[in-house]
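Keeping their order, the protein sequence lines are chains Y, R and V.
Residue numbers for the first sequence follow UniProt numbering, so the first one is 1 and each next one is one higher.
Residue numbers for the second sequence follow UniProt numbering, so the first one is 1 and each next one is one higher.
Residue numbers for the third sequence follow UniProt numbering, so the first one is 1 and each next one is one higher.
C-beta: ideal position from N, C-alpha, C; glycine also.
Computed from a predicted model, the values in this text were never measured in an experiment.
Heads up, the thing below is written out as structure tokens.
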Amino acid sequence: MDHPAGSPRHLSRRSLMATGVLAAGAVGVAAPTLGNPFAGTPAQAAGATRRITIYAEQLPGGLFGYGLAPGQATVPGPVLEMYEGDTLEITLVNTTTQRLSIHPHGVDYSTDSDGSPLNASFNNPGETRTYVWRSREMFLASGRRFMPGSAGYWHYHDHAMGTDHGTAGVAKGLYGALIVRRRGDILPDKQFTVVFHDMMINNRMAPNTPMFEANLGQRVEWIAIGHGNLFHTFHLHAHRWADNRTGMLEGPADPSHVIDNKDLNPGSSFGFQVLAGEGVGPGAWMYHCHVQTHSDGGMAGIFLVRNADGSMPPGAEEAIHRFQGHTHQQHG
Amino acid sequence: MDHPAGSPRHLSRRSLMATGVLAAGAVGVAAPTLGNPFAGTPAQAAGATRRITIYAEQLPGGLFGYGLAPGQATVPGPVLEMYEGDTLEITLVNTTTQRLSIHPHGVDYSTDSDGSPLNASFNNPGETRTYVWRSREMFLASGRRFMPGSAGYWHYHDHAMGTDHGTAGVAKGLYGALIVRRRGDILPDKQFTVVFHDMMINNRMAPNTPMFEANLGQRVEWIAIGHGNLFHTFHLHAHRWADNRTGMLEGPADPSHVIDNKDLNPGSSFGFQVLAGEGVGPGAWMYHCHVQTHSDGGMAGIFLVRNADGSMPPGAEEAIHRFQGHTHQQHG
Amino acid sequence: MDHPAGSPRHLSRRSLMATGVLAAGAVGVAAPTLGNPFAGTPAQAAGATRRITIYAEQLPGGLFGYGLAPGQATVPGPVLEMYEGDTLEITLVNTTTQRLSIHPHGVDYSTDSDGSPLNASFNNPGETRTYVWRSREMFLASGRRFMPGSAGYWHYHDHAMGTDHGTAGVAKGLYGALIVRRRGDILPDKQFTVVFHDMMINNRMAPNTPMFEANLGQRVEWIAIGHGNLFHTFHLHAHRWADNRTGMLEGPADPSHVIDNKDLNPGSSFGFQVLAGEGVGPGAWMYHCHVQTHSDGGMAGIFLVRNADGSMPPGAEEAIHRFQGHTHQQHG
Ligand SMILES: [Cu+2]
Ligand SMILES: [Cu+2]
Ligand SMILES: [Cu+2]
Numbered sequence: 001m002d003h004p005a006g007s008p009r010h011l012s013r014r015s016l017m018a019t020g021v022l023a024a025g026a027v028g029v030a031a032p033t034l035g036n037p038f039a040g041t042p043a044q045a046a047g048a049t050r051r052i053t054i055y056a057e058q059l060p061g062g063l064f065g066y067g068l069a070p071g072q073a074t075v076p077g078p079v080l081e082m083y084e085g086d087t088l089e090i091t092l093v094n095t096t097t098q099r100l101s102i103h104p105h106g107v108d109y110s111t112d113s114d115g116s117p118l119n120a121s122f123n124n125p126g127e128t129r130t131y132v133w134r135s136r137e138m139f140l141a142s143g144r145r146f147m148p149g150s151a152g153y154w155h156y157h158d159h160a161m162g163t164d165h166g167t168a169g170v171a172k173g174l175y176g177a178l179i180v181r182r183r184g185d186i187l188p189d190k191q192f193t194v195v196f197h198d199m200m201i202n203n204r205m206a207p208n209t210p211m212f213e214a215n216l217g218q219r220v221e222w223i224a225i226g227h228g229n230l231f232h233t234f235h236l237h238a239h240r241w242a243d244n245r246t247g248m249l250e251g252p253a254d255p256s257h258v259i260d261n262k263d264l265n266p267g268s269s270f271g272f273q274v275l276a277g278e279g280v281g282p283g284a285w286m287y288h289c290h291v292q293t294h295s296d297g298g299m300a301g302i303f304l305v306r307n308a309d310g311s312m313p314p315g316a317e318e319a320i321h322r323f324q325g326h327t328h329q330q331h332g
Numbered sequence: 001m002d003h004p005a006g007s008p009r010h011l012s013r014r015s016l017m018a019t020g021v022l023a024a025g026a027v028g029v030a031a032p033t034l035g036n037p038f039a040g041t042p043a044q045a046a047g048a049t050r051r052i053t054i055y056a057e058q059l060p061g062g063l064f065g066y067g068l069a070p071g072q073a074t075v076p077g078p079v080l081e082m083y084e085g086d087t088l089e090i091t092l093v094n095t096t097t098q099r100l101s102i103h104p105h106g107v108d109y110s111t112d113s114d115g116s117p118l119n120a121s122f123n124n125p126g127e128t129r130t131y132v133w134r135s136r137e138m139f140l141a142s143g144r145r146f147m148p149g150s151a152g153y154w155h156y157h158d159h160a161m162g163t164d165h166g167t168a169g170v171a172k173g174l175y176g177a178l179i180v181r182r183r184g185d186i187l188p189d190k191q192f193t194v195v196f197h198d199m200m201i202n203n204r205m206a207p208n209t210p211m212f213e214a215n216l217g218q219r220v221e222w223i224a225i226g227h228g229n230l231f232h233t234f235h236l237h238a239h240r241w242a243d244n245r246t247g248m249l250e251g252p253a254d255p256s257h258v259i260d261n262k263d264l265n266p267g268s269s270f271g272f273q274v275l276a277g278e279g280v281g282p283g284a285w286m287y288h289c290h291v292q293t294h295s296d297g298g299m300a301g302i303f304l305v306r307n308a309d310g311s312m313p314p315g316a317e318e319a320i321h322r323f324q325g326h327t328h329q330q331h332g
Numbered sequence: 001m002d003h004p005a006g007s008p009r010h011l012s013r014r015s016l017m018a019t020g021v022l023a024a025g026a027v028g029v030a031a032p033t034l035g036n037p038f039a040g041t042p043a044q045a046a047g048a049t050r051r052i053t054i055y056a057e058q059l060p061g062g063l064f065g066y067g068l069a070p071g072q073a074t075v076p077g078p079v080l081e082m083y084e085g086d087t088l089e090i091t092l093v094n095t096t097t098q099r100l101s102i103h104p105h106g107v108d109y110s111t112d113s114d115g116s117p118l119n120a121s122f123n124n125p126g127e128t129r130t131y132v133w134r135s136r137e138m139f140l141a142s143g144r145r146f147m148p149g150s151a152g153y154w155h156y157h158d159h160a161m162g163t164d165h166g167t168a169g170v171a172k173g174l175y176g177a178l179i180v181r182r183r184g185d186i187l188p189d190k191q192f193t194v195v196f197h198d199m200m201i202n203n204r205m206a207p208n209t210p211m212f213e214a215n216l217g218q219r220v221e222w223i224a225i226g227h228g229n230l231f232h233t234f235h236l237h238a239h240r241w242a243d244n245r246t247g248m249l250e251g252p253a254d255p256s257h258v259i260d261n262k263d264l265n266p267g268s269s270f271g272f273q274v275l276a277g278e279g280v281g282p283g284a285w286m287y288h289c290h291v292q293t294h295s296d297g298g299m300a301g302i303f304l305v306r307n308a309d310g311s312m313p314p315g316a317e318e319a320i321h322r323f324q325g326h327t328h329q330q331h332g
């Protein structure tokens, strides 16, 4: 019943506030810079530079994790957040006996922060190395079109343990969520990271998969990440979201699909916010891979929506008991 | 040459008309309600409540189906439709000797209508049970963003036969399309439901896959649903659609991809409308999974576009004959 | 270090200019035509008709390719381009001893240009046959919605060699990119075609996968195509794009996901433009399938971003040497 992806939230929010960008309001679109070999260039990063240290550690059960302080590594690692324009300087301390790195999706980095053996960008055992991730706002390309900014629900992962693509590191838990927000984006009350990797969720199988908890009406942000060798589809019961950058609609003309099931394949990620139990009430709601042999085999967990005051809703204890006791057996 | 997914259309359109919402025009966006623990809430359902009875029945060949009257079960089940704001009250009669349920995607339901054994929401053999599905319009979240409404091309399926995820029920045919329309959406002339499940289309293999028929220029709505354990891609020859909620563009600034091939994986669904043969003429057009071993193995069928007056276009008989006779053999 | 998909660019651009449509500016939306059995019809094709000859040839190593002149066949074939409204008349010369065809995605064609044995539309060994591909602009459906036009990053492939779905032809290299542009779309400086098929990229495995080259700041267009029997995810290091028709945003209200990893499954295709090295600098950047066993097994290549003057950036030679020498071995 623990939810390891929840606790880093406090830290990351505090970190965001320290940069002073949390209260920012309007969407700022960078004006194009002239005198440049190509049509437009991003404005200088308006945001702050944040420096953090991440510790890669060996964990019980053959797992490895990233953590924001010694002895605090988790699977998945902490949710890292920034606003478009911010820079994140990560000092990665490799406390393990394995070669490893940290490779981000969605942000800008030079080859020496690529996190790949191809670019000799990794930490040898015991080594400390700094990786710099930059981000940017959209900027005018030509006519009315814009080259995209960095905002998105991204992720980071090892790219060096076992093979040149980090296959062993990813398999053992070296992954986490990275969020780049656009100024004015709505902030959530809670965050859950869900990583589908082979037949596991956050390297666990039912009934030991994370139980994510929220109170009725809380704004919950889900970050879903795919890894490994299998294809998956993420499904959440009784809640849905728009299949776009934020999970919300920009208005009646927003053409986005609204969905409650989405492909979650290796290297992909997406995120969305729901109001817990909104329109459906509290209860033990399932989230699971919709590939039948995967959900039957243990890729399922519970999203526990408590009453607004935090108390348990009727039937939820029984549902949790059923899940822990005899889920995932064949029904005769 | 039958098309089982076509016949329920009559019934569902009649049902929609009975609720008096078919003629509704403008897009209605619900205003936020104040005095609520979270930023916005959906307006009260403006729509009607419709009550239907569905019979789950055993069919020849080990199949099971849902039907709107005794002895009328089909694979896939009937297309169910509602407008955002409507409520559907389904009395499910289990005429079989198996535990089963009906679980929807995309709509709102309380835990006792979840259709899952986790929430003790299923029909024992011979049991009758009522499931309530509600829907809603988008509503303001904060700033300019909206929490999505229920409109979409969804589906329903068993979640209780064989395993706690309904693996046996889904494998045997307990699935169907559910459409939630937004007021003002364009209604089609015909509807086809295509379910990709393992190596089959609507639990059949070529040349026994459904042949869908329309006359040149008719507005045809396709609802594609994925189930099972394999990944698939749905491809339709000579027609294409926008990869958004309706399959049409909202105008020149709608950024949606236009596609004719789309991933159709377990638990996912999408829909779109095409004008039959528009720009390409009548004929026997293929629809198939684009995974080569799947199409070669029998995941292919014919979309027969007749002349505008319903007569057969030149070459179509020969194409159908080829399909029935020697498709899916190795060409030496 | 060759890049076969680059050279056809010259030809296709010249061909486009010959039709006189390259300079066209504003987005033209076709007005609906009255007196028609369905709500709207596309305007007459405003564009030109272009006639080309394509030679299907047998290549060394058991491969087959399409080429725009005798002895010029490549894997993938040439990038074919047109503007919405244009017609492409392709005379396909089958110089091989196998039955084969050319089947396009995204454009309009009659049954005799379907390229499928179902419609008796293929070239017997030694045979020459003409296929006609038409395209169109979006046109008003009803209310404010538009039936989509043909613009998109599409592809073409054999549909007749080996099986009725062209399984052998596709496996042996008979595929290529087809781009339909909307008037006013931004044109690139370079184009790269990437086809993921089984465990290969453009029918090659690392380190023999194509190395795509550009100078810092060049506008590079990627066209990614999926084929075969496996699922894949295309990932590009240090660059990203909007998951919509153009890969660019229409402005701050464009809700599209911004991504750097996308499902690339059989029959699907997408395209996007990036500014080479923009915000990250020059270097040897990886592109690869993000399925771990696939990238480890050889589905990876290098996007070499040179300095703006074409010279080699620091570290790039070493990275290329590493890639050619000892990538894709297990790291002990
Ligand atoms: Cu799965
Ligand atoms: Cu398939
Ligand atoms: Cu792959």
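Whole-Å CB distance - residue i paired with residue j, under 8 Å assumed
i, j, result
"G47(V)", "G85(V)", "3 Å"
"I102(R)", "Y131(R)", "6 Å"
"W241(R)", "I259(R)", "7 Å"
"S269(Y)", "Y153(Y)", "6 Å"
"V170(Y)", "Q218(V)", "That belief does not hold up - the Cβ atoms of V170(Y) and Q218(V) are roughly 32 Å apart, past 8 Å."
6 Å CB neighbourhood of residue i in its chain, flanking five on each side removed
i, result
"P313(V)", "P282, G283, N307"
"P266(V)", "G226, H227, G228"
"L230(Y)", "D198"
"F64(V)", "Q58, K172, G173, L174"
"Y109(V)", "W133"
"D263(V)", "T233"
"A177(R)", "V79, H155, T193, I223"
"M82(V)", "L88, S135, V180"
"G25(V)", "Any reading at G25(V) is ruled out, since the residue's pLDDT is 26, under 50, leaving its predicted position unreliable."
Per DSSP, cross-strand counterpart(s) of residue i
i, result
"R245(R)", "BP columns for R245(R) are empty, so no partner."
"G149(R)", "None, per the DSSP bridge assignment."
"P104(R)", "Y156(R)"
"R183(V)", "Paired residue(s): none; R183(V) is not in a bridge."
"F192(Y)", "W222(Y)"
"residue 333(R)", "In the structure displayed, chain R extends from 1 to 332; residue 333(R) sits before or after that span and is not available."
"V213(Y)", "According to the sequence as given, residue 213(Y) is Glu; it is not Val. In DSSP, E213(Y) forms a bridge with L304(Y)."
"residue 335(R)", "Nothing can be reported for residue 335(R): it is not among the residues displayed for chain R, which extend from 1 to 332."
"N94(Y)", "A56(Y)"
"S142(R)", "R145(R)"
Own chain, CB closer than 7 Å to residue i, minus 5 neighbours either side, in chain order
i, result
"H290(V)", "T233, H235, N261"
"G325(V)", "none"
Own chain, CB closer than 8 Å to residue i, minus 5 neighbours either side, in chain order
i, result
"D185(V)", "A151, T246"
"P125(R)", "N94, T96, T97, Q98, R99"
"E127(V)", "N94"
"N203(R)", "L63, V75, K172, G173, V195, H197"
*asked:* Can you pull out the residues from the segment 238 to 258 of chain Y whose beta carbon lies closer than 7 Å to at least one beta carbon of chain R?
replied: A238, R240, W241, A242, T246, M248, L249, E250, G251, P252, A253, P255, S256, H257, V258
*Listed in chain order, which residues of the segment 123 to 143 of chain R have Cβ atoms closer than 8 Å to some Cβ of chain Y?*
R134, R136, M138, A141, S142, G143
*Please name the residues in the segment 278 to 291 of chain Y whose beta-carbon is closer than 9 Å to at least one beta-carbon of chain R, in chain order.*
E278, G279, V280, G281, P282, G283, A284, W285, M286, H288, C289, H290, V291
*What residues in the segment 173 to 191 of chain Y bring their beta carbon closer than 8 Å to a beta carbon of chain R?*
G184, I186
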